[in-house]
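Visitor: First, the structure itself, so that you have it in front of you.
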Amino acid sequence: MDSPPEVKPASRWLSRGLEALVLRFPEIDPEDPAHERAQDIHFDVVIVGSGYGGAVALHELLGARDENGCAPTVCLLERGREYLPGMFPTRMSEMAGHVRFSSPGAATARGYRSGLFDVRVGPDLNLLVANGLGGGSLINAGVMVEPLTAVFQEPRWPQAIRDEAGTTAWTARFDAVRNLLGASDANLPRDANALPKQPRLHAMRRIDASARPVAMSVSVHDGVPSPGHVKMNKCRGCGDCFTGCNHGSKESLDLGVLALARAQPERVSVHTGATVLRIEKIDAKTPAGPGWTLLLNHTDESLRRRQGAHFRLRARRVILAAGTLGSTEILMRSRTHDPEQSPPESTPGEGREFLLSPQLGKHFSANGDLLAAAWNIEPEVGAVADEDQSTQQRTGGPTITTMIDHRSGPHGGYVVQDIAVPGAMRRLFEVLFSTANTLHGLPTTDWRSHRSDDTDPCAVDQRAVVHTLPLAIIGRDDANGRLKLNRSEALHEGDGALTVQWPSLKHDPRFVKLHEAVAQSMHKAKVGGRLLFNPAWRRLPPAMAELLNDRPGAMISVHPLGGCVMGESCDSGVVDHLGRVYNAAAGAIDPFHDGLLVLDGSIVATSLGINPALTIAALAQRAM
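Heads up, the final residue of the sequence shown is numbered 1235 in this note's numbering, and it's a clean run with no missing numbers.
Okay, here's the thing in structure tokens:
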């Protein structure tokens, strides 16, 4: 069969709004008089979420056939909106209109609920995830590196995963998925005039000679089609990957795998602005059963308030791929009994009972994420883009190009990756880390002579910013965090309401040791400057913090994992090694809730010690 024609990146929408789904199936609208009588199944499969797990699941379903040769009908629901190149924010003044945030104890998200950036604020850990068609691929660096085999052989993983890890089939799957996501080795520039001469790579190799380019889903050539048959543009190196690529150069999922849905519009439907609040089992004795009902509503707050009651969409199978936070929250809202509360007075009706593992919400991991900055080092880096320049003139990107790999080293191992700061976040970065540099200089006596026309040493030093290399340090953590649902009486309103409980995380001594290891590498390399902590976590240098009893603040992670982890049984996990959801009902003949899968970062059983995108996609492909 001929490949679909290539299309220009900004020429066509892939999705439609929730209202289009209601128009297609009027009976899902509770205001429709036929609502109570409706029993029809609307889709064979509904995928909730469009990140790496959901996109790979959709890809596998595009070629699926049942025993009669029939292709399943599929609906993909995304909470956020669809972005075309040119729609992403480019200046700090535009950022506020793209942020939704949740705070501890709040039962609903605030800000712009369809915003690109989903910020979760908590006393122990602050999280940043994406909200839009393409999930995390819209704002991440597109790094596609697999974890060490030893990670998958740890006891928290099911035996099937431990047995398969490291085999030829396992390696082949990761390679195939890497190609599917547009991050093959061919996408790494081999030209001597390309990455090797970038200032950031030079600085990383000054710090550690083992630094090497990483496989990433960023196009380095003009006109090469993505896996979704969309023509890509060569990366301009503007540094704005994190706030969204406006040039059609990053092979995010909406321009890649998800775009394949265009080839089969008669059976694949993609809808944005749709928030799934909970799911219910359809009684097998009803005309529609067995199957699942999804209770959903508009993401937009004004539309949701106007609508009021839920829409009810029915499917034979449901694949939850709403992300670590989204899928966990949907299951928490959906279960008929929380095992940590008193048993219900009456047992739910036969076929409607939805009991889940007591492990739901546990074994949460921040993936060992640390943020730091090699401040004012000798090499000129230029890693912080300037918002006063046009996006065509900006330099510094892509977001991550290079990695120092010490995963087999001490303190549980770690990697160090360079970061480009987008122009829209320059002011925030330079103020935060200039202040951090001032605080870290307090223990040092300044014996220099000063004049009245000297530059304020506490002000932002633009030269220092140009010579600063932002760093992502990824280590390991114990995956012992817990997700707590902030309950709301108005279920049609509540979403984005999880809080991370993990008081011990910010005191884990391994993270300070990782900082010390990187700082020691900088010292040995004689690159000058100092390694600054993330100021939200540690404001003062260790000696002063101990003297003044300054306690660590909340850490930051962009790679949340766990909450619906894999396990050998219902006692150790929420899903099995294929993402099938365990049925916790006592004496259940079927150990699983038939037709329900979870395929996203929430099923990852441990921290990975590396960017998780490739692993999430590979586990999803394996399950399908």
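Here a beta-carbon is modelled for each residue, glycine too, at the ideal position from N, C-alpha and C.
In the DSSP assignment, what residue or residues form a beta bridge with GLU989?
Guide: Looking at the DSSP assignment, GLU989 forms no beta bridge with any residue, so it has no partner.
Visitor: So, with DSSP's three-state summary, where would you put ILE893?
Guide: Three-state result, ILE893: strand.
Visitor: Please confirm if the region 1009 to 1029 is in contact with the region 848 to 863, defined as three or more CB-CB distances below 8 Å between the two stretches.
Guide: Taking 8 Å as the limit for Cβ pairs, the verdict is that the region 848 to 863 does touch the region 1009 to 1029.
Visitor: Note down the Cα distance separating ILE1227 from ALA1070, rounded to an integer number of angstroms.
Guide: Their backbone Cα atoms lie some 43 Å apart in a straight line.
Visitor: Please state the DSSP three-state secondary structure of ARG627.
Guide: In the structure shown, ARG627 sits in a strand (DSSP, three-state: E or B).
Visitor: Once you ignore the five residues that flank ARG915 on each side, which residues in its own chain have a CB closer than 6 Å to its CB?
Guide: Within the same chain, ARG915 has close Cβ partners ASN908, HIS909.
Visitor: Kindly identify the DSSP beta-bridge partner or partners of ALA741.
Guide: The partner list for ALA741 (beta bridge, DSSP) reads PHE728.
Visitor: Of all the beta strand (DSSP E) runs that stay within the bounds of the region 1003 to 1090, which reach a length of 3 or more residues?
Guide: Qualifying beta strand (DSSP E) stretches, in chain order: 1013 to 1017, 1025 to 1029, 1080 to 1085.
Visitor: Flag this pair as yes or no: are the beta carbons of VAL656 and VAL685 separated by less than 8 Å?
Guide: In this structure, VAL685 lies closer than 8 Å to VAL656 by Cβ.
Visitor: Determine the closest residue to ILE1167 out of ASN1160, ILE1015, VAL730, with distance taken between C-alpha atoms.
Guide: Answer by Cα proximity: VAL730.
Visitor: Can you give, in chain order, each stretch of the beta strand (DSSP E) that sits fully within the region 1198 to 1231 and has at least 3 residues?
Guide: Here the runs fully enclosed are 1203 to 1209.
Visitor: Let me know if SER1001 comes out buried or exposed under the rule of 16 or more other beta-carbons within 10 Å of its beta-carbon.
Guide: Under this definition SER1001 is an exposed residue.
Visitor: Would you mind giving the Cβ-Cβ distance between GLN970 and VAL1185, rounded to the nearest angstrom? I have them listed as a contact below 8 Å.
Guide: Correct: roughly 5 Å between the Cβ atoms.
Visitor: Can you name the start and end residues of the beta strand (DSSP E) that GLN1112 belongs to?
Guide: Run containing GLN1112: 1109 to 1112, per the beta strand (DSSP E) assignment.
Visitor: Return the chain-ordered list of same chain residues with a C-beta closer than 8 Å to the C-beta of HIS1126, the five sequence neighbours on each side being excluded.
Guide: The answer, listed in chain order, is LEU981, ALA983, ILE1084, LEU1142, PHE1144.
Visitor: If you check the beta carbons only, do ALA718 and MET827 fall under 8 Å apart?
Guide: Cβ atoms of ALA718 and MET827: not closer than 8 Å.
Visitor: In whole angstroms, what is the alpha-carbon distance linking THR778 and PHE785?
Guide: Straight-line Cα distance between these residues: approximately 11 Å.
Visitor: Between the beta-carbon of ALA1035 and the beta-carbon of THR701, is there less than 8 Å?
Guide: In contact: ALA1035 and THR701 (Cβ atoms closer than 8 Å).
Visitor: Can you tell which of GLU671, PRO1033, ARG923 has the C-alpha that lies nearest to the C-alpha of GLU638?
Guide: Among GLU671, PRO1033, ARG923, the Cα nearest to that of GLU638 is on ARG923.
Visitor: Between which two residues does the beta strand (DSSP E) containing LYS1095 stretch?
Guide: Start and end: 1093 to 1096.
Visitor: So, using beta-carbon positions, are ASP851 and GLU693 closer together than 8 Å?
Guide: Not in contact: ASP851 and GLU693 (Cβ atoms no closer than 8 Å).
Visitor: Leaving out five residues before and five after SER1213 in sequence, what residues of the same chain have Cβ atoms less than 6 Å from its Cβ?
Guide: THR935, SER938, THR939, GLY1174, CYS1175.
Visitor: What does the Cβ neighbour count give for LYS1137, buried or exposed, with the cut at 16 atoms within 10 Å?
Guide: Burial call: exposed.
Visitor: My guess is that GLY919 and LEU629 are in contact by the Cβ rule of under 8 Å, so how many angstroms apart are they, rounded?
Guide: With 8 Å as the limit, GLY919 and LEU629 do not qualify as a contact, their Cβ atoms being about 14 Å apart.
Visitor: Have a look at ASP1201, LEU687, ILE941, ALA1224 and flag the residue whose alpha-carbon is nearest the alpha-carbon of ARG873.
Guide: It is LEU687.
Visitor: Looking only at DSSP bridge pairs, what is GLU642 linked to?
Guide: Per DSSP, none; premise fails for GLU642.
Visitor: Does the contact criterion of 3 or more C-beta pairs under 8 Å hold for the region 867 to 882 versus the region 658 to 672?
Guide: The region 867 to 882 is in contact with the region 658 to 672.
Visitor: Taking the DSSP output, what are the residues bridged to ASN908?
Guide: In DSSP, ASN908 forms a bridge with THR886.
Visitor: Kindly confirm or deny that the region 1078 to 1097 and the region 972 to 980 touch, where touching means at least three C-beta pairs closer than 8 Å.
Guide: They touch, by the three-pair rule.
Visitor: Counting only runs that start and end within the region 771 to 800, where is the alpha helix (DSSP H) found for 4 or more residues in a row?
Guide: If we require 4 residues or more, the alpha helix (DSSP H) runs fully inside the region 771 to 800 come out as 779 to 791.
Visitor: Between LEU966 and ALA1195, which are expected to be in contact by the criterion C-beta below 8 Å, what is the C-beta distance as a whole number of angstroms?
Guide: That belief holds up - the Cβ atoms of LEU966 and ALA1195 are roughly 4 Å apart, short of 8 Å.
Visitor: Would you mind sorting ARG811 into buried or exposed? The rule is 16 or more other CB atoms within 10 Å of its CB.
Guide: Classification of ARG811: buried, given that the 10 Å Cβ count is 16 or more.
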